[in-house]
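In the working numbering, the protein residues as written are 29 to 422. Every residue gets a Cβ at the ideal spot worked out from N, C-alpha and C, and that includes glycine. Report on the structure given below.
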Ligand code: LMR
């Protein structure tokens, strides 16, 4: 059965982890996979997570099943973090999922199940796994222009022109904040425009929220999602706890559906639960339990928010320091756009060939589309990275 199987394409982001690990150079720099690294290059466990794990170990009495939806307290707490008071809880259906990717997958499974002819509109560029999942499910994928690559900013006109083609039941996939890979985020007026578009056309917004707290702040980063959610009758949201809680391997996340109260909400909840049952029955609980404890306990929450603020400030400092080092190396402000971006990522403008040269000649690793993870920068490696970029990009 397996002998003649074709090999599926390798995920370009995850492949970098293996290549980087195998590189013997002591001064190599990993700007690839989207994980937060501290100054020592480690992916740290947040203090609040350690504390919550310690408490959990002391108080947890059972590892028995919970429910197909996962723990209701976790879903409420995470939904509250994203939506605040914007949408009443009785309009929100939700399930716990294995990470944010699990949420994306379950929502798209549900879209295929309910409206197989829906087209899913994805920003160009986007996180590559969006396209992979949509294509794997056999849903029709449409691209909408998102990035003005020369300006390193959102291509508002292109986005509006392309999304003018959405039809009733289509799904518009949006990044809640810290757009991956561009770092160029929507403004308040864009979210309002999208809400109007969805109301007029009957298209359904689907927000992938993977970096809340990495941009400007927990509240600020959720503002667009909230503004949209209050204005539309229906929406989907996938939430990841991988980055802002540093719980990558624990796979904590949720899939939310916003709908009308009463029967529509009950139907959405039942459908989401069915998606979990058919996929893996019960979602993972360990990371979810830690997130709920952190969000509900004032001491743990304060510790988590303070550490998250520190991580955000480090990434902002790294952006400024890299832009400044590049200004000195190139004698121009052509990389000044890095400072205006949000979150971990920016597209530095390298072509795939230049990305290979950066890796082979300089030991600087990034995704083939030129995406850099600014959390991989440190005071020590910034001069080297700036020199390599200036040399290779000319
Ligand atoms: C990334 O974009 O690097 C992360 O979200 C990791 C992944 O799964 O691709």
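Under three-state DSSP, which class holds residue 155?
coil
For the ligand LMR, I want to know if residue 272 counts as a neighbour, meaning its beta carbon is within less than 7 Å of at least one of the ligand's heavy atoms.
no
Residue 62 beta carbon near the ligand LMR (any heavy atom closer than 7 Å):
yes
Where residue 231 and residue 196 are concerned, what is the direct C-alpha to C-alpha distance, given to the nearest angstrom?
5 Å
Give, in chain order, every unbroken run of the alpha helix (DSSP H) that is at least 4 residues long and sits entirely within the region 344-414.
365-368, 380-390
Grouping DSSP H, G and I as helix and E and B as strand, with all else coil, what is residue 237?
strand
Those runs of the beta strand (DSSP E) which lie wholly inside the region 135-215 and span at least 3 residues
147-152, 168-173, 199-203
Return yes when the C-beta of residue 66 is under 7 Å from any heavy atom of the ligand LMR, and no when it is not.
no
Residue range of the beta strand (DSSP E) that residue 268 falls in?
263-268
Should residue 235 be listed as close to the ligand LMR, given that the test is whether its C-beta is under 7 Å from any heavy atom?
no
Cβ-based neighbour list, residue 110, same chain, cut-off 7 Å, excluding 5 preceding and 5 following
237, 240, 250, 253, 265, 267
What does the alpha-carbon distance come out to for the pair residue 285 and residue 392?
41 Å
By a C-beta neighbour count over all protein chains shown, 10 Å radius and 16 as the cutoff for buried, is residue 272 buried or exposed?
buried
Report the residue ranges of all alpha helix (DSSP H) runs contained in full by the region 51-107; include only those spanning at least 4 residues, in chain order.
75-87
Looking at the secondary structure, which residues open and close the beta strand (DSSP E) in which residue 315 lies?
Premise fails: residue 315 lies in the alpha helix (DSSP H), 314-324, not in any beta strand (DSSP E).
Residue 38 CB to nearest heavy atom of the ligand LMR below 7 Å
no
According to the neighbour-count rule (16 or more other Cβ atoms, all chains shown, within 10 Å of its Cβ), is residue 82 buried or exposed?
exposed
Integer Cβ distance of residue 282 from residue 346, believed to fall under 8 Å:
No, residue 282 and residue 346 are not in contact; Cβ-Cβ is about 30 Å, not under 8 Å.
Tell me whether the region 97-105 and the region 343-363 touch, counting them as touching only if at least three CB pairs, one residue from each stretch, are closer than 8 Å.
no
Quick check: what's the CA-CA separation for residue 211 versus residue 373?
5 Å
Taking contact to mean 3 or more Cβ pairs, one atom from each stretch, closer than 8 Å, check whether the region 288-304 and the region 106-126 are in contact.
yes
Measure the alpha-carbon distance for residue 141 versus residue 223 and round it to whole angstroms.
24 Å
Say the cut is 7 Å; is the CB of residue 157 nearer than that to a heavy atom of the ligand LMR?
yes
Option in 128, 68, 167 with minimal Cα separation from residue 408
68
Should residue 386 and residue 420 be called a contact, given that it needs their Cβ atoms to be closer than 8 Å?
yes
Do residue 278 and residue 245 have their CB atoms nearer than 8 Å?
no
Specify the secondary structure class of residue 417 as computed by DSSP and reduced to three states.
helix
Please work out which residues of its chain come closer than 7 Å, Cβ to Cβ, to residue 173, disregarding the five sequence neighbours upstream and downstream, and give them in chain order.
152, 183, 186, 187, 190
Beta-carbon gap between residue 378 and residue 398 smaller than 8 Å
yes
Look at residue 313 and residue 73 and say whether their C-beta atoms are less than 8 Å apart.
no
Please confirm whether any heavy atom of the ligand ATP lies closer than 7 Å to the CB of residue 409.
As presented, the structure is devoid of the ligand ATP, carrying the ligand LMR as its sole ligands.
Assuming the contact rule is C-beta atoms closer than 8 Å, residue 134 and residue 307 should be a hit. Round their C-beta distance to whole Å, please.
7 Å
Residue 418 versus 404, 361, 369, residue with shortest Cα-Cα distance:
361
Does residue 369 pass the burial test, meaning 16 or more other C-beta atoms within 10 Å, or should it be called exposed?
buried
Any idea what DSSP makes of residue 125, helix, strand or coil?
strand
For residue 260, I'd like the list of residues in its chain whose CB is within less than 7 Å of its CB, leaving aside the five on either flank, ordered along the chain.
223, 226, 227, 233
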